[in-house]
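Enquirer: The structure that follows is given in the form of C-alpha cells.
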Amino acid sequence: MLKPTEKIWHNGRFIAWDEARIHVLSHVVHYGSSVFEGIRCYATPSGPAVFRLTEHVRRMLDSAKIYRMEPLAFTAGQLADSIKELVRVNHLEACYIRPILFRGYSDMGVYPLNNPLEIYLACWEWGQYLGEEALAQGVDVCISSWRRIAPDTLPALAKAGANYMNSQLMKMEAVTNGYSEAIALDAAGYISEGSGENIFVVRDGTIHTPPLGASALPGITRDTVIRLAMDAGIPVVETALPREMLYIADEVFFSGTAAELTPIRSVDRIVIGQGRRGPITEKLQKEFFAIINGTKPDKHGWLHPVHVKEAVTA
C-alpha cells in the first residue's frame, strides 16, 4: 500500500492527498483515456534530484499529442517546475513521481473530445520494483501467452493507461505461475518488452535490444542504458530478436524507471548464463547507480536538482 504524502498537485494548485478524487463517470474510468509517466527522484549529496525530468515531460506531452489531448494549460517548463515543487512541498529526498493526464467528467461515450482534461502530479516513497535482492541475484521470468499490442491497434509509443491492461494480463499470468515478471512477443512473434520494462540481451560482448517497431515503449532508462554502454565501448544493436535468443544469451536484463536495471536469471525455467547477474549488467548497474546517487559526475546532465528552477521550453 502506498504511503501517503501531504500534497498532490492538481491543475496548477496543491491539494491534500485525500482530496485527489474524480467522479465515477469520468471518461478515464470507462474508456482508459489517460497518459502518464513514472519518474524517479534520487537522494544525492547535494540534495534530491529528478532523473531525466526533461525527457519524461517531453514523452508525456508526446503521448498527449498522439491521443489528441491538446491544448494543455501548462508548458513543459511549467510542468517540470511543478514536479520539482511537488517534491519540495512533501519534504522528500527520494521518491517515485506519477504525473497523469486524463479525460474527466462531462459526456459519456467513446468520443472523448468534449471531456475536460485533468492533470495530477503525485509522489511517494517507493523502493525497488522487483525487490532489492533482484538487483544482484536476478529474477525468474516467463514468456507470456499474451502478445504485445500490434502497431495498428494501439500506439505503443504513447505511455497510455489503456495499454497497461495488456501489461496487467501479462503480470497476473506470470505471478500466478510463480514468476516475477513476463516478457511479451510482438505481433510478428519477436521479443517486445516486459509488462513494464524494456529488455536487453547480451551475447558475446554485444548488447541486443528490440527496436521500437516491436511495439516497445521508448523507455527513458532504455535510452540511458544505450548511452552508458556506448560510453563504455560496449556495442549495442537494435534488432528483431527471436524468443530463443533469450535462452542462449550470456546475460539478459530489464530496464525501466521502476525496475531500474534488473538482471534476469532464468526464462521459462531455462537458466541464463551463470544464473545470476553477469559482468556487463553489473558494469552498467554500477555506472547507473553512481550517477543517480551523485557519487560520479553527471556528464550527460540527467539529474535535475529539486531546489533549482527548471529551464525547459515548451
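By the numbering used here, the letter at position 191 of the sequence shown is numbered 191, and the numbering carries on one by one without gaps.
Cβ atoms here follow ideal geometry from the backbone N, Cα and C, with glycine treated the same way.
None of the values given here were measured: they were computed from a predicted structure.
In this structure, what does DSSP give as the bridge partners for Ala-184?
Expert: Glu-193
Enquirer: Starting from Arg-58 and walking both ways along the alpha helix (DSSP H), at which residues does that stretch end?
Expert: 53-66
Enquirer: Could you please give me the residues that DSSP links to Phe-102 through a beta bridge?
Expert: BP columns for Phe-102 point to Ser-34 and Glu-118.
Enquirer: Helix, strand or coil for Arg-88? Go by DSSP, reduced to three states.
Expert: DSSP places Arg-88 in helix when its eight states are reduced to three.
Enquirer: Using 7 Å as the threshold, is the C-beta distance between Leu-241 and His-208 below it?
Expert: Contact flag set, yes.
Enquirer: Cα separation between Lys-65 and Ala-136?
Expert: 39 Å
Enquirer: For Gly-25 versus Tyr-105, is the C-beta distance shorter than 7 Å?
Expert: Gly is not the amino acid found at residue 25; the sequence shown has Leu there. With contacts defined by Cβ atoms closer than 7 Å, Leu-25 and Tyr-105 form a contacting pair.
Enquirer: Please report the residue range of the beta strand (DSSP E) in which Glu-141 lies.
Expert: The residue asked about is misnamed: residue 141 is Val in this sequence, not Glu. 139-143 is the extent of the beta strand (DSSP E) around Val-141.
Enquirer: DSSP three-state label for Pro-177, please.
Expert: According to the sequence displayed, residue 177 carries Asn and not Pro. In this structure, Asn-177 counts as coil in the three-state DSSP scheme.
Enquirer: Going by C-alpha distance, which of Gly-12, Gly-194, Leu-121 and Ile-234 is nearest Gly-219?
Expert: It is Gly-194 whose Cα lies nearest to the Cα of Gly-219.
Enquirer: Going by DSSP in three states, Ser-167 sits in which element: helix, strand or coil?
Expert: helix
Enquirer: For Lys-3 and Trp-126, what's the separation of their Cα atoms in angstroms?
Expert: 9 Å
Enquirer: Could you check what DSSP says for His-27 in three-state terms: helix, strand or coil?
Expert: helix
Enquirer: Give me, in chain order, the residues of the same chain whose beta-carbon lies closer than 8 Å to that of Ala-174; leave out the 5 immediate sequence neighbours on both sides.
Expert: Hits under 8 Å: Val-141, Cys-142, Ser-144, Ser-180, Glu-181, Ala-182 and Ser-195.
Enquirer: Tell me, which residues are paired with Tyr-96 by DSSP?
Expert: DSSP, once it has assigned bridges, lists Arg-40 and Trp-124 as partnering Tyr-96.
Enquirer: Given a cut-off of 7 Å on the beta-carbon distance, is the pair Arg-103 and Asn-115 in contact?
Expert: yes
Enquirer: Arg-209 lies in the beta strand (DSSP E); which residues open and close that run?
Expert: Sequence inspection shows Thr at residue 209; the Arg mentioned does not correspond to that position. Taken as a continuous stretch (DSSP letters only), the beta strand (DSSP E) holding Thr-209 covers 206-209.
Enquirer: In angstroms, rounded to a whole number, what distance separates the CA positions of Trp-124 and Tyr-96?
Expert: 6 Å
Enquirer: Going by C-alpha distance, which of Ala-216, Arg-227, Thr-206 and Ser-215 is nearest Val-252?
Expert: Thr-206
Enquirer: Cutting at 7 Å between CB atoms, please list the residues of its own chain near Glu-70, excluding the five before and the five after it.
Expert: Answer for Glu-70: Ala-64, listed in chain order.
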